[in-house]
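Remarks on the structure that follows.
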Amino acid sequence: MTNILMGLSQMILLLALAPLINGLIKKTKAFFQNRQGPSIFQGYYDLLKLFSKDRVISEHSSWIFRVTPVIVFASVTLTCLLVPTISLVTPLGFAADLLALVYLLGLARFFTTLAGLDAGSSFGGMGTSREITFAATIEPAMLLSLFTVALAAGTTSLFGMVRNMLVPGTFTTAHILAFLALYTVAVADTGRVPVDNPDTHLELTMIHEGMILEYSGKELALINWANQVKQLLILSFLANLFFPMGIAPYVGLQAVSIGLAVYILKVGLLAITLGIVETTFAKMRLFNVPKLLAASFMLSLFALVTLYVVGGKL
Amino acid sequence: MTISTYLFAGTVFFYCLGALLSLINRKKASWTLWISNLAAGIGSLAGVCLGVRTLLTGMAWESTCGALLPGLEYSFRLDRLSGFFLLIICAIGFIVSIYSIGYEKEYLGRKSVGFLGSMYNLFLLSMVLVLSAANAFLFVVVWELMAIVSYFLVTFEHEERSVRRAGFVYIVMTHIGTLFILLAFFMLYRASGSLEFGSFKGLNLTSEQKNWVFLLALIGFGIKAGIAPLHSWLPRAHPAAPSNVSALMSAVMVKTAVYMILRLVLDILGPGPVWWGCLVAGLGMLSAFIGIIYAMIDKDLKRVLAYSTVENVGIIFIALGVGFTAWSLGIISVAKLALGAALLHCLNHAIFKALLFMGAGSILQATHTKNIERLGGLLKKMPYTGMIFLVGSLAISSFPPFNGFISEWLIFQSLLSLGFSATGWLKVVGPVLAALLGLIAALAAATFVKAFGVSFLALPRSTQAKQAKEVGKPMLMAGGFMGVCALLLGVMPGPVLATITPIFNDSLGNQALDLNYLSVKSIPISDQASFGTISPGLIFCLLIIIVPLVLLLSRGIGGRTRVTVDETWNCGVALNPRMEYTATGLSNPLRKVFATCIRGGTDIKVNLYDPLNKLLFVFSDRIRAFQAGSIHAYLAYILVTLLVLLAFAR
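Protein chains in written order, with the working numbering: chain A, 1 to 314; chain B, 1001 to 1650.
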């Protein structure tokens, strides 16, 4: 029973925390740009507003357009149940490993890209076209860096990987390289500068915003929210797979409160670095992005080789 | 006579009956359509029963009927391995036969449905016989029968020049393949003195001989399986055939080659050197990559599917390669996992590829075009076909909760496990291959976003697409059934996996994989509990629970809102289909990113096929001198041949 409660509360926590983290990134950017910027809670106001707004749906679109927000939100929510965040104890950890999570998020992406095509506008098509390109180039780099950590732990279960990292002395050079590779991928996967720009609706720059251009009202709210949760999930991956210290090893008031505080601190810090990256880098030319991701792939490859050479396991 | 014999006889009998009656009854085409497909359906059902029986009981069934010459007996044998493939072929054959009842109406009054029905039955028959042949002579005969019958099916619409060309390329390539297979069998025959497969087992071959047999068979069967760089016939021939036949060719015919490679290595050659497995996995990776890159940039719907077959066969070969490598290294648990994954992917690919080809056939029937650029908006005109095609696209892009995900997950796990438990450079190769497999899966998803999105969504791009109508009930039923299978296998793969793993007990020992009905577990590695677990059933249940909650949530926050239906925003200009993204436009960034690889595919043609072609022409020119056109000279050749043969036989 406690396990199920833990799972549910983790899901609610992630859903509730996501807009705040997004606000934190925006605030960081504002700070570095010498602006005051919107309140850190602006994300919540935006979502609330969108949920109560009327919708306009394209007459050219099909049912794919309508089910996409629900499927995207549902698969992201499902992922929330399965990742380690504040505690090592989750009821459903065995239901999905690393690969299953990657593919569940892929399911959400598949439907988003279809929805981009559904209304028939060139904006959507352009977004979809770029999204499938980047999704394909992201995949090998992301998987290889995650596999490096998985092989070091001897399991693809996320909880197993985190548990392994808690053992002192497991953090090696390989993990540093894998972390850097995964961080690069995370920037691309969350659709941030220098890969995508979440703030513009200019057709020359947008990817994710292009695909969801036709959405409004509740559906837009669901998609935006899901996207923020996905961003938080990726940050949690980065935080817990590499720096799991502080995570609650068992369910107890004290352990969980420490876990919660440490977790928020970790993802908050990572969010701030994302904001810094976004202010210090210019957006890349579209066809340079695959090179960035190829570099990330090479970095993961080095990580893998290092794992065996430095680990003396070759 | 056991039940199995009756079932086998029934399968063969109904296929023959269907072939015969269709030919006799050519004139009444609308009758023939039913007769041929009913016969094929009944025959396939008997085959399904036989396959299931063999798989579940695990008893090998053998039968010998008559001898043509001493030593050339027609002997048949079915064990778990061939039973599994028999099940795939007959199950797909059954569904496709239902589909054909609707699809072949397309040809009524235009083409000879009788001929098509007859060849269709013979095609199924030849595949069943290929699986059950237990004698090299018989095998080659039925293998050739399969090639020739499928040639007639490929060239069924021979009025088109491109179809004749595709047929020609196919028949030439498949015969080159047969040549290599004959050589491999000949080497085995020399060593054993008998043509029975049974006598090939446990031969005392030197490692060099083994290598030769393996390589010859790999080339021979690799051509049939469509392994790069020997795949060039496949994307031409499969789309040229009528869609129901394309479904059979892509979904099951290529699997006969996979079956024979498994049979040869598992039963006859045994674990070879490590490079065998690495070669197979390497070729698999090459095929998967080339296949999916070309599928991504193509705009002919059926050719996209054919290229995707090259990709999926490649994935199966990766798994086979991992299995063989692990077996050579003595890591039995990984070998079992990988080979089981390969077989599961054979089944899964058969299901979703047949489904997608049937969907493409439905589109072809409704719009008379397979050019994606001329489609669009079909989801509104053909809602059920669209739904079915979407399920197929999700399954082939390996997304949960569909079946493609399970086999792909197992292949990922076997690659990682190989990396974990092997030593030396394999430790790096395994995970890198796994990461590349991820790239291939993502490209497959991109391909099917294109195939489904451009064909079914947005506005129709041509009048044919605008006037499309939903296809008939048999075609929808067949597709729907496949869709349900894809979902069921994705949610509850446990029972199927539990039946697959004992297939390897004979060669790999009895160690079972840890499986239960809701969850799939990867193998235990060393003292750890397991390398990875997923529970597809639970994931599916959770999705089902969460979806209504999301709807409630969205309803709940902000209260009820108004929905207006209006035009797509298009900067103030009315939207027309020419403004939509095309399939070419959609895949263009990927085409640019992978430009080098696409050029690499063309290089294969320039550097491998063209020189071979040139060589052939030069050689043929020389030989032409013998072909003088004088009957006297030909008679002299016959005499000389006879004398030489007599001299040898003495």
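Where is the CB? At the ideal position from N, CA and C, for every residue including glycine. Quantities reported herein were computed from a predicted structural model and do not represent experimental measurements.
Taking 8 angstroms as the cut-off, the beta carbon of SER1308 (chain B) is found closer than this to the beta carbon of ILE1292 (chain B). DSSP, read as helix, strand or coil, puts TYR250 (chain A) in coil.
Non-local C-beta neighbours of LEU222 (chain A) in its own chain, meaning closer than 6 angstroms and more than five positions away in sequence, comprise PRO69 and PHE73, ordered along the chain.
Secondary structure within the stretch 1166–1245 of chain B: not one fully enclosed beta strand (DSSP E) run of 3 or more consecutive residues is present. Its Cα nearest to that of LEU24 (chain A), the residue A:ILE272 stands out among A:ILE272, A:TYR308, A:LYS283 and A:SER300. Between LYS218 (chain A) and THR1564 (chain B), the C-beta gap is not smaller than 8 angstroms, which leaves the two residues out of contact. At least one CB of chain A lies nearer than 8 angstroms to the CB of SER1554 (chain B). If you draw a straight line from the Cα of THR1385 (chain B) to the Cα of VAL67 (chain A), it is about 18 angstroms long. Taking C-beta separations shorter than 6 angstroms and ignoring five residues to either side along the sequence, the partners of GLN231 (chain A) in its chain run THR190, following chain order. Interface flag for GLY1438 (chain B) against chain A is set, since a Cβ pair is found closer than 8 angstroms.
Annotated as proximal: LEU114 (chain A) and LEU1457 (chain B), with beta-carbon spacing under 8 angstroms. Around the beta carbon of ILE1544 (chain B), a 10 Å sphere encloses fewer than 16 other beta carbons of the protein chains shown; the residue is thus reported as exposed.
Within the stretch 98–121 of chain A, contact with chain B at the beta-carbon level (separation under 7 angstroms) is assigned to LEU99, ALA100, TYR103, LEU104, GLY106, LEU107, PHE110, THR113, LEU114, LEU117, ASP118, ALA119, GLY120 and SER121. In this chain, ASP196 (chain A) is not harboured by any alpha helix (DSSP H), its DSSP state being neither H nor E. Here ILE86 (chain A) carries a coil assignment [DSSP, helix/strand/coil].
Under the three-state reduction of DSSP, ASP1566 (chain B) is assigned to strand. If you check the CB distance, PRO1493 (chain B) and PRO1536 (chain B) come in under 8 angstroms. For the stretch 283–295 of chain A, the set of residues with a beta-carbon nearer than 8 angstroms to any beta-carbon of chain B comprises LEU286, PHE287 and PRO290, in chain order. Within chain B, VAL1550 have C-beta atoms less than 7 angstroms from the C-beta of PHE73 (chain A), given in sequence order. Listed as beta-bridge partners of ASN1371 (chain B) by DSSP are B:ASP1300. Counting only residues of its own chain and dropping the five nearest sequence neighbours on each side, PRO1577 (chain B) has a CB closer than 7 angstroms to the CB of GLY1376, LEU1459, PRO1460 and ARG1461.
Between the C-alpha atoms of PHE1214 (chain B) and LEU1269 (chain B) there is a straight-line separation of about 8 angstroms.
Considering only A:ASP118, A:ILE234, A:LEU92 and A:VAL289, the residue with the shortest C-alpha distance to VAL193 (chain A) is A:VAL289. Within the stretch 126–137 of chain A, those residues whose Cβ lies closer than 8 angstroms to any Cβ of chain B are, in chain order, MET126, THR128, SER129, ARG130, ILE132, THR133, ALA135, ALA136 and THR137.
Around ARG55 (chain A), the beta-carbon contacts reaching into chain B at under 8 angstroms are THR1561, ARG1562, VAL1563 and THR1564. Here the stretch 130–148 of chain A makes no contact with the stretch 260–271 of chain A; the two share fewer than three CB pairs at distances below 8 angstroms. DSSP, reduced to helix, strand and coil, places ASN1576 (chain B) outside both helices and strands of the structure shown, so it counts as coil. DSSP, reduced to helix, strand and coil, places THR172 (chain A) outside both helices and strands of the structure shown, so it counts as coil.
Cβ contact annotation for ASP54 (chain A) (same chain, cutoff 7 angstroms, sequence separation greater than five): GLY217, in chain order. Bridge pairing for ALA1133 (chain B): B:PHE1076 [DSSP]. Nearest CB-CB separation between LYS1380 (chain B) and chain A: below the 8 angstroms threshold. The stretch 1121–1136 of chain B makes contact with the stretch 1184–1196 of chain B: 3 or more CB pairs, one atom from each, lie closer than 8 angstroms. Bridge partners of SER58 (chain A) according to DSSP: B:ASP1566. Within the stretch 11–24 of chain A, not one residue has a Cβ closer than 7 angstroms to any Cβ of chain B. Distances from the alpha-carbon of ALA1060 (chain B) to those of B:ALA1446, B:GLY1198 and B:ALA1360 put B:GLY1198 closest.
Excluding sequence positions up to five before and after LYS1302 (chain B), its CB lies within less than 8 angstroms of the CB of HIS1238, PRO1239, SER1243, SER1246, PHE1357, ALA1360, LEU1364 and LYS1370, all in the same chain and listed in chain order.
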